[in-house]
Amino acid sequence: MLGGFVIMTMLMMTVMNPPATANETDGVTAPGNVAVEMQWPGKLDADVDLWVQAPGDVPVGYSNKSGKVFDLLRDDLGMTPDRFPP
């Protein structure tokens, strides 16, 4: 009985999580970590906005905080106190 249970469990595991076929992974590159940072003198009271855009994606900046590739983590407003959460 225990052997039958083990065999059934092994068969179920192969059906529940089938291996990826070659067609599903062709041309797909795993995402990496990309950080874009901009710095300016700390004494400068300015709100400098950095916009980034990945190929085939929407621009990401202060008014559009996320896209498929980039997400805005923090919008520094210069000397004006930042509000958290954004």
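Counting in my numbering, the sequence shown runs from 30 upward without gaps. The C-beta atom is built at its ideal place from N, Cα and C for all residues, glycine as well. The structure presented is a predicted model; accordingly, all values stated were derived computationally and were not measured.
Assuming the contact rule is C-beta atoms closer than 8 Å, residue i and residue j should be a hit. Round their C-beta distance to whole Å, please.
{"i": "D78", "j": "Y91", "result": "5 Å"}
{"i": "V89", "j": "L101", "result": "6 Å"}
Taking residue i as the reference, which of the options has the closest Cα?
{"i": "G85", "options": "F99, M41, K72, L40", "result": "F99"}
{"i": "A83", "options": "W69, L102, V63, G71", "result": "V63"}
{"i": "Q68", "options": "L31, D104, M30", "result": "D104"}
{"i": "V65", "options": "K72, W80, G33, M41", "result": "W80"}
With DSSP as the reference, identify every bridge partner of residue i, one or two as the case may be.
{"i": "V89", "result": "V81"}
{"i": "D100", "result": "S95"}
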